[in-house]
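Trainee: Provided herewith is a single structure, encoded as structure tokens, for subsequent inquiry.
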Amino acid sequence: MRVLLLGGTTEGRELTASLASTGIDLVESVAGRTAEARTGGADRIAGFGGVEGLAAYLRANNVDAVVDATHPFAATMTTHASRACTVTGTPLVRLSRPSWAKRGDAGGWTWVPDHRAAAAAVAEVGASERRRVLLTVGRQPLDAYRALPLVLARVAEVPDGWLERSGWELRLQRGPFDLESELTMLRTERISALVSKDSGGHAAASKLDAAARLGVPVFMVARPAPPRGIDEVASTAAVVEWLEALRPARTRPTA
Ligand code: NAP
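Numbering (numbering that gives the first Met the number 0), first residue to last: 0 to 254.
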């Protein structure tokens, strides 16, 4: 059985490892936006050329199933996968790591629909004080926050075309981060507001625990809604089960 895995995430790498000995012919695809993605050993490093390009790829390569393990905010790829699988009749499962919305402290956060709204909400609350804001939203949306005067932006890689900004510091760091280091960072950098997107999962959650401990206000960008009718699971183990259920008995390895 040939499976296309749309990756670029921790879960994508975990799935590649889990499926290595199953006999499934797995093709891992990444967009290749970061150096890490480009050097991570994926089988394909490029886009497909929209819905039509992906549909043509699925047909030309006799793909039996698609696993969408892209990031919860990679909404374009998820929409394209859903449409291409519909037109080609290819089974699709989306691996979506659990949202942070169910955390006990999530009700105390300011939830916003997008990055522009997040920037506006932080600016409004902090109008009377000079807040230093920690941005943990990745590289791509930083421009939406350019009106904020005091920013520490934590990113894995320098954004394309980045220009120094007065009052802004870019900190190149790649997670996961533990609670102690997050507490130290919030204290020593005098952070008075944290902006995050609802990436979910455990690897990036320590900053939220630290913010809760120190009473730092959190501004959370909600996830884009997934396409309707998509088959979603929450763990790599559930993806493996989904694939096993799909796999014809004749292609399963004998014990
Ligand atoms: P996006 O906006 O949803 O996708 C933009 C385009 O990138 C897609 O239309 C597709 O190009 C190409 N693409 C995306 N994922 C791909 C994949 N796995 N394989 C081949 N092509 C892919 O995605 P994004 O937010 O820019 O993220 C790009 C990649 O980085 C994703 O794979 C995602 O898992 C990973 N990532 C994203 C975030 C985030 O916060 N957005 C965080 C961590 C990792 P075509 O239309 O040409 O096919």
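Glycine included, C-beta positions come from ideal geometry on N, C-alpha and C.
What three-state label does DSSP hand R82 in the structure shown?
Mentor: In the sequence shown, residue 82 corresponds to position 83, counting from 1. Three-state result, R82: helix.
Trainee: Report buried or exposed for L18, applying the criterion of at least 16 other Cβ atoms within 10 angstroms of its Cβ.
Mentor: Taking the first residue of the sequence shown as 1, we reach residue 18 at position 19. Flag for L18 reads buried.
Trainee: Within its chain, find whatever has a CB closer than 8 Å to the CB of V239; leave out the 5 residues flanking it on each side and keep chain order.
Mentor: As a first step, residue 239 is located in the sequence shown; it is residue number 240 there, counting from the start. Closer than 8 Å at the Cβ level, and outside the excluded window around V239, lie L14, S17, L18, T21.
Trainee: Which residue or residues does DSSP assign as beta-bridge partners of R1?
Mentor: By one-based count along the sequence shown, residue 1 stands at place 2. Beta-bridge pairing links R1 to D24.
Trainee: Hey, quick one: how far does the alpha helix (DSSP H) through W255 stretch, first residue to last?
Mentor: Outside the displayed span of the chain (0 to 254) sits residue 255, for which this structure offers no information.
Trainee: Less than 7 Å separating the Cβ of L5 from some heavy atom of ligand 1?
Mentor: Working through the sequence shown from its first residue, we reach residue 5 at position 6. Answer for L5: yes, Cβ within range of ligand 1.
Trainee: I'd like the span of the alpha helix (DSSP H) that includes T187, first residue to last.
Mentor: On the sequence shown, position 188 is the one that residue 187 refers to. Per DSSP, T187 belongs to the alpha helix (DSSP H) from 178 to 187.
Trainee: Less than 6 Å between C-beta atoms, sequence neighbours within five positions excluded: which residues of the same chain meet that for P226?
Mentor: Start at 1 with the first residue of the sequence shown, and residue 226 comes out as number 227. Closer than 6 Å at Cβ, skipping near neighbours: T78, S81.
Trainee: Quick check: the segment 148 to 168 against the segment 130 to 140, are there 3 or more CB pairs under 8 Å?
Mentor: The segment 148 to 168 vs the segment 130 to 140: in contact.
Trainee: Provide the residue(s) that pair with M76 in DSSP beta bridges, ordered along the chain.
Mentor: Taking the sequence shown and counting its residues from 1, one reaches residue 76 at position 77. In DSSP, M76 forms no bridge with anything.
Trainee: Measuring only from the beta carbon, is T135 closer than 7 Å to any heavy atom that is part of ligand 1?
Mentor: To locate residue 135, count along the sequence shown from 1; it is residue 136. Checking the Cβ of T135 against ligand 1 gives no.
Trainee: When the Cα atoms are used, what is the spatial distance from A100 to T109?
Mentor: On the sequence shown, residue 100 is found 101 positions in, with the first residue counted as 1. On the sequence shown, residue 109 is found 110 positions in, with the first residue counted as 1. The alpha-carbon atoms of A100 and T109 are separated by roughly 11 Å.
Trainee: Measuring only from the beta carbon, is M76 closer than 7 Å to any heavy atom that is part of ligand 1?
Mentor: Locating residue 76 in the sequence shown gives position 77, counting from the first residue. It does: the Cβ of M76 is within 7 Å (strictly closer) of some heavy atom of ligand 1.
Trainee: At a threshold of 7 Å, does S28 count as lining ligand 1 (C-beta to nearest heavy atom)?
Mentor: Within the sequence shown, the letter at position 29 stands for residue 28. Yes, Cβ of S28 sits closer than 7 Å to a heavy atom of ligand 1.
Trainee: Alpha carbon to alpha carbon, how far is K206 from S95?
Mentor: Counted from its first residue, the sequence shown places residue 206 at position 207. Counted from its first residue, the sequence shown places residue 95 at position 96. Roughly 20 Å between the two C-alpha positions.
Trainee: If you run the structure through DSSP and keep just helix, strand and coil, what is S191?
Mentor: On the sequence shown, residue 191 is found 192 positions in, with the first residue counted as 1. S191: coil per DSSP, three-state reduction.
Trainee: Identify every run of the alpha helix (DSSP H) within the segment 198 to 245, keeping only runs that are complete inside it and at least 4 residues long; order them along the chain.
Mentor: List check, alpha helix (DSSP H) in window: 205 to 213, 235 to 245.
Trainee: In the structure shown, what three-state DSSP assignment does A30 receive?
Mentor: Position 31 of the sequence shown, counted from the start, is the residue given in the question as residue 30. Reduced to three states, the DSSP call for A30 is coil.
Trainee: Rank A236, P175, R145 by C-alpha distance to the C-alpha of E168 and give the top, closest one.
Mentor: Here residue 168 corresponds to residue number 169 of the sequence shown, with the count starting at 1. It is R145.
Trainee: Tell me which residues share the same chain as L3 and place their Cβ nearer than 6 Å to its Cβ, disregarding the 5 neighbours each side in the sequence.
Mentor: Translated into the one-based positions of the sequence shown, residue 3 becomes position 4. Hits under 6 Å: V26, V62, V65.
Trainee: How about F218 and A117: do their beta carbons lie closer than 8 Å?
Mentor: Numbered from 1 along the sequence shown, position 219 holds the residue referred to as residue 218. Numbered from 1 along the sequence shown, position 118 holds the residue referred to as residue 117. Going by C-beta atoms, F218 is nearer than 8 Å to A117.
Trainee: From the DSSP secondary-structure annotation, give me the bridge partner or partners of L133.
Mentor: Reading the sequence shown from its first residue, position 134 is the one you call residue 133. DSSP output for L133 lists L151, L193 as bridge partner(s).
Trainee: Does ligand 1 have a heavy atom nearer than 7 Å to the CB of F72?
Mentor: By 1-based counting over the sequence shown, the position of residue 72 is 73. It does: the Cβ of F72 is within 7 Å (strictly closer) of some heavy atom of ligand 1.
Trainee: Would you give the residue range spanned by the beta strand (DSSP E) that R93 belongs to?
Mentor: Start at 1 with the first residue of the sequence shown, and residue 93 comes out as number 94. Here the beta strand (DSSP E) through R93 covers 91 to 94.
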